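FYI, this note's numbering numbers position 67 of the sequence shown as 67, with every residue one higher than the one before it.
Note that beta-carbon positions come from the ideal geometry of N, C-alpha and C, so glycine has one too.
Predicted, not measured: the structure shown is a model, and the values here were computed from it.
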Amino acid sequence: MTTIRLSRTGKRKQPYYRIVVQDGTKDPWSPAIEVIGNLDPRADRKDVVLNKERAAYWLSVGAQPSGTVKNLFIDLGLMKGKKENVVTITKSRAKALAEAKAKAAA
Numbered sequence: 001m002t003t004i005r006l007s008r009t010g011k012r013k014q015p016y017y018r019i020v021v022q023d024g025t026k027d028p029w030s031p032a033i034e035v036i037g038n039l040d041p042r043a044d045r046k047d048v049v050l051n052k053e054r055a056a057y058w059l060s061v062g063a064q065p066s067g068t069v070k071n072l073f074i075d076l077g078l079m080k081g082k083k084e085n086v087v088t089i090t091k092s093r094a095k096a097l098a099e100a101k102a103k104a105a106a
């Protein structure tokens, strides 16, 4: 399955991401089929350089975007739908949050 996802580049503590099309089973740092854009998360305004025609093409042939890329495409108007929650909470953290909430309610 082909995936559209982010591949991190840049120096330490200065992330810069490429929006790449890759085989979903490969490592994110392996060579990409195509680089369709980039993202600088440290910019004041989230500057996204994206080739919208190529992104639309890859979506039309069945490429699946990752959760973060899907949310980005929804923001840019390339896709319609509801944003995904891409942050996962571990079981131990969820348990601690539930205990804190119960303690605050009591």
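Rounded to the nearest whole angstrom, the C-alpha separation of Pro-41 and Ile-19 is 13 Å. Using a 10 angstroms sphere on the CB of Lys-46, the tally of other CB atoms stays under 16, which defines it as exposed.
Cβ contact annotation for Ala-55 (same chain, cutoff 8 Å, sequence separation greater than five): Ile-4, Ile-19, Ile-36, Gly-37, Phe-73 and Leu-78, in chain order.
According to the DSSP secondary-structure assignment, Ser-7 is paired through a beta bridge with Arg-18.
Between the alpha carbons of Ala-102 and Thr-90 lies a gap of roughly 18 Å.
Between Pro-28 and the set Lys-82, Lys-95, Ser-66 and Ala-106, the nearest pair of CA atoms involves Ser-66. Rounded to whole angstroms, the separation of the alpha carbons of Asp-44 and Lys-11 is 18 Å.
C-alpha of Asp-75 to C-alpha of Val-69: approximately 10 Å in a straight line. The Cβ-Cβ distance between Val-21 and Ala-32 falls below 8 Å. Assignment of Asn-85 by DSSP, reduced to helix, strand and coil, places it in the coil class.
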